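Accompanying notes for the structure given below.
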Amino acid sequence: YRYPDYDNTVSVIDIATFKEIKKIDVADNLNRIIADEYGCLWVSSWGDYYSVPSATYVIDSEKDALVSSLMDLPNGNMTFCGDSLYVYSSVWNYETQTSDTEYYLVDVKSRKVVSTGFIDKTVAAGIAAPYLIAVNPVTGEIFIGDAADYVTPGILHCFAADGRQKWSVITGDVPAALV
Numbered sequence: 801y802r803y804p805d806y807d808n809t810v811s812v813i814d815i816a817t818f819k820e821i822k823k824i825d826v827a828d829n830l831n832r833i834i835a836d837e838y839g840c841l842w843v844s845s846w847g848d849y850y851s852v853p854s855a856t857y858v859i860d861s862e863k864d865a866l867v868s869s870l871m872d873l874p875n876g877n878m879t880f881c882g883d884s885l886y887v888y889s890s891v892w893n894y895e896t897q898t899s900d901t902e903y904y905l906v907d908v909k910s911r912k913v914v915s916t917g918f919i920d921k922t923v924a925a926g927i928a929a930p931y932l933i934a935v936n937p938v939t940g941e942i943f944i945g946d947a948a949d950y951v952t953p954g955i956l957h958c959f960a961a962d963g964r965q966k967w968s969v970i971t972g973d974v975p976a977a978l979v
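For the sequence shown, my numbering gives the first residue as 801, with consecutive numbering after it.
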């Protein structure tokens, strides 16, 4: 968030001393980082909103090294469920003054997109500002939080594992977390 000089590194911290021991160069404007069950860290970059696109990166936490750059996977937020990575992309573009939203399902082992639009397309088209994504590991239900205009109550949508909408409920402003 240091426009126009976005940071582009992930720091490795020695837990015993809380000292930075290494920086891993990744990409501009990093946003989220989550760990899979295979020792990899998945990192989202929002790019610079102009010429550097949003993308997803994978770091091997044993080697402390970047091992994959998924340039075809723009990433606004993400979550795991088993060997699947659920991603939505809704990153602002200043040149077009738009934010196109897409939903991706990624196979964690192959690091390949296996599906797009994993939720009901009619409902997805009505989501103004996705801000939360979560998956119930037991039922496979998918939850998308819509921040709407960021100043009025949002909406939490629940989808069955096959992407059918089950229900929606009005939330407080900017639904950002689900526990």
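Ideal Cβ placement from N, Cα and C applies to all residues, glycine included.
Keep in mind it's a predicted model, so treat the numbers as computed, not measured.
Between A928 and D946, the CB-CB gap stays under 9 Å. In this model, F880 and Y904 are separated by some 12 Å (Cα to Cα). Fully contained in the stretch 827-893 are the following beta strand (DSSP E) runs of length 3 or more, in chain order: 830-835, 840-845, 855-860, 865-870, 877-881 and 884-889. Short of 8 Å from the beta carbon of P953, and not among the five residues preceding or following it, lie these beta carbons of its own chain, in chain order: I970, T971, G972 and D973. In this model, W967 and I859 are separated by some 36 Å (Cα to Cα). In terms of Cα proximity to I821, the closest of N829, D828, T809 and R832 is T809. Checking the DSSP bridge columns, you'll see I919 has no partner listed.
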